[in-house]
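Engineer:
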Amino acid sequence: MFLGVDAGGTKTQAALYSASGEQLAEGRYGTGNWESIGVNDALALYERIVTDLCRTAAVPITAIRSVAWGLAGLDWPSDEVRLRPGIEQFMPNTTHTLVNDAFLALRAGSTRPYGVAAIAGTGSTVAAMGVDGRQARTFGLGSDWGDFDGAQQLTRAAFRAAALAHYGIGQSTSLTNALLEWSLYQSIPALAEAFSRGDSISDIATFAPHVMHCADQGDAEAQRILTEAGTVLAQNIIGMAHAVALRSLPFDVVLAGGVATGGAKVFHATIQSLVQAQLPLAHIVVLQRPPVLGAVLLAMDAVGCRTDLTSREW
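Position 32 (the sequence shown) corresponds to 31 in numbering that gives the first Met the number 0; numbering is contiguous.
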């Protein structure tokens with residue numbers, strides 16, 4: 000049997016599969032990011048997941064041949080040193096694959112074990128896997144370190160566009176009314192005052208879908224914002240593909256995360272145009288399956304098992 004775990008910053012999902020590709024058990028939990036809950040609590044959660052799913056499937060833990068752990072917060076070699084010994088302690092005779100959770104989207108969405116995944120949600124990172132198993136990944140630390148800042152960047156850019164329009168030095172934009180409707184403030188000065196004085200304002204990332212909607216409705220400022228965001232993501236896709244020697248090969252670029260899957264036409268068109276100009280054999284796809292299935296496939300890959308997966312509704 001094969002276990003896949005997608006331990007994210009907000010939620011954790013796990014799935015247990017047979018060698019024939021049948022789903023035997025699944026589970027959902029809270030955050031599994033060790034950075035948020037600490038190493039000890041993270042390891043306790045991981046052990047609980049294994050116990051729960053084996054109990055549901057009525058099988059012993061020793062029946063699990065391979066596990067793939069897609070872990071938010073597994074960003075550096077030192078992080079694996081922190082986590083692997085504890086995992087192997089409660090499952091000592093099992094093959095364990097530990098990867099950053101960005102690699103799950105790649106395996107879930109690609110027709111091949113190699114390729115590139117571009118995650119653009121609340122934040123952003125780009126991860127690539129080579130034919131030889133070589134890995135490369137952007138730092139995922141935001142624009143200061145070369146990444147697209149995700150949904151929050153779209154909202155901050157909308158703030159700027161609305162402010163410049165208010166000052167009379169930027170062009171009029173439908174983002175102004177969209178911001179006011181979203182925030183329930185009556186004017187841009189009122190919104191700016193609330194923002195600067197710490198009044199209650201929704202998580203700014205939640206405004207990102209409105210930027211995409213305005214762009215699809217033809218707003219020039221919203222389209223500019225999404226073009227700039229798509230350009231950064233495309234450049235990182237190209238860079239990571241080169242880093243793992245995919246330049247001359249056909250491979251999938253899997254787009255995942257709320258911004259990437261939000262359907263903004265100009266965002267996707269920008270990525271498509273720039274990536275295919277440099278990587279003509281790349282095939283861009285939007286992730287349609289839950290990343291946890293990518294973890295199951297990685298667990299199977301680790302021991303040379305090849306099969307199709309069936310899944311229930313997630």
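We put the CB at the ideal spot given by N, CA and C, even for glycine.
Less than 8 Å between the beta carbons of arginine 136 and alanine 107, yes or no?
Structural biologist: No; because the gap between Cβ atoms is not below 8 Å, this pair is not in contact.
Engineer: Which of helix, strand or coil does DSSP assign to valine 243?
Structural biologist: Residue state, collapsed to three classes: coil.
Engineer: Scan the segment 27-61 and note each continuous alpha helix (DSSP H) run of 4 residues or more that stays entirely inside, going in chain order.
Structural biologist: 33-36, 38-56, all fully within the segment 27-61.
Engineer: Scan the segment 139-185 and note each continuous alpha helix (DSSP H) run of 4 residues or more that stays entirely inside, going in chain order.
Structural biologist: Listed in chain order, the complete alpha helix (DSSP H) runs (minimum 4 residues) inside the segment 139-185 are 150-166, 174-182.
Engineer: Please report the distance separating the alpha-carbon of arginine 81 from that of alanine 301.
Structural biologist: Each residue's Cα considered, the two are about 21 Å apart.
Engineer: Taking the beta strand (DSSP E) that glycine 114 belongs to, which residues open and close that run?
Structural biologist: Unbroken beta strand (DSSP E) run through glycine 114: 114-119.
Engineer: Tell me, please, whether the segment 256-270 touches the segment 138-156 by the rule of three or more beta-carbon pairs shorter than 8 Å.
Structural biologist: Cβ pair count under 8 Å is three or more, so yes.
Engineer: Going by C-alpha to C-alpha distance, which of Ser109, Leu2, Leu183, Ala116 sits closest to isoleucine 63?
Structural biologist: Ranking Ser109, Leu2, Leu183, Ala116 by Cα distance to isoleucine 63 puts Leu2 first.
Engineer: Across which residues does DSSP place asparagine 99 in a beta bridge pair?
Structural biologist: For asparagine 99, which the question treats as bridged, DSSP gives the partners Leu70.
Engineer: Please name the residue, chosen from Val125, Gln216, Trp181, that lies closest to alanine 204 on a Cα-to-Cα basis.
Structural biologist: Cα-wise, what sits closest to alanine 204 is Trp181.
Engineer: Taking the beta carbon of proline 289 as the centre, do at least 16 other beta carbons fall within 10 Å, making it buried, or is it exposed?
Structural biologist: So proline 289 counts as buried.
Engineer: Since I believe alanine 119 is in contact with asparagine 126 (beta carbons under 8 Å), could you give me their beta-carbon distance rounded to a whole number of angstroms?
Structural biologist: Residue identity check: residue 126 is alanine in the sequence provided, not asparagine. The pair is not a contact, with the Cβ atoms about 12 Å apart (cut-off 8 Å).
Engineer: Buried or exposed for threonine 50, please, with buried defined as at least 16 other CB atoms from any protein chain shown within 10 angstroms of its CB.
Structural biologist: Exposed, because fewer than 16 other Cβ atoms sit within 10 Å of the Cβ of threonine 50.
Engineer: What does the alpha-carbon distance come out to for the pair tryptophan 313 and serine 171?
Structural biologist: Unreliable positioning characterises tryptophan 313 in this predicted model, as indicated by a pLDDT of 49, which lies under 50. A coordinate reading is not provided.
Engineer: How many Å lie between histidine 165 and alanine 242 at the Cα?
Structural biologist: Cα-Cα distance, rounded: 44 Å.
Engineer: If contacts are defined as beta-carbon pairs under 8 Å, then glycine 132 and aspartate 251 qualify, I think. What distance do you get, rounded to the angstrom?
Structural biologist: Going by Cβ atoms, the distance from glycine 132 to aspartate 251 rounds to 17 Å, so no, they are not a contact pair.
Engineer: Within 8 Å, do at least three Cβ pairs link the segment 223-242 to the segment 276-289?
Structural biologist: They touch, by the three-pair rule.
Engineer: Would aspartate 215 and alanine 263 qualify as a contact pair, given that the criterion is a beta-carbon distance under 8 Å?
Structural biologist: Closer than 8 Å, so yes.
Engineer: With DSSP collapsed to three states, give me the class of valine 231.
Structural biologist: Three-state result, valine 231: helix.
Engineer: To the nearest angstrom, report how far apart glutamate 316 and methionine 0 are at their CA atoms.
Structural biologist: For the chain, the structure presents residues 0 to 313; residue 316 sits outside this window and is missing.
Engineer: I need the straight-line Cα distance from arginine 223 to glycine 167, nearest angstrom please.
Structural biologist: Each residue's alpha carbon lies about 18 Å from the other.
Engineer: According to DSSP, is glycine 238 helix, strand or coil?
Structural biologist: Three-state result, glycine 238: helix.
Engineer: By the three-class DSSP mapping on this structure, what secondary structure does threonine 137 have?
Structural biologist: In the structure shown, threonine 137 sits in coil (DSSP, three-state: anything other than H, G, I, E or B).
Engineer: Starting from the C-beta of glycine 141, find all residues in its chain whose C-beta is less than 6 Å away, skip the five residues before and the five after it, and write them out in chain order.
Structural biologist: Asp148, listed in sequence order.
Engineer: What did DSSP end up calling isoleucine 283 once you bin it into helix, strand or coil?
Structural biologist: Isoleucine 283: strand per DSSP, three-state reduction.
Engineer: Output yes or no for whether 8 Å exceeds the beta carbon distance between alanine 6 and asparagine 32.
Structural biologist: In this structure, asparagine 32 lies closer than 8 Å to alanine 6 by Cβ.
Engineer: By the 10 Å Cβ neighbour count, where 16 or more other Cβ atoms means buried, how is aspartate 143 classified, buried or exposed?
Structural biologist: Exposed, because fewer than 16 other Cβ atoms sit within 10 Å of the Cβ of aspartate 143.
Engineer: Are the CB atoms of leucine 163 and serine 169 within a distance shorter than 8 Å?
Structural biologist: Residue identity check: residue 169 is glycine in the sequence provided, not serine. A contact, by the Cβ cut-off of 8 Å.
Engineer: Going by the beta-carbon positions, is the gap between leucine 105 and valine 253 smaller than 8 Å?
Structural biologist: Yes. Within cutoff.
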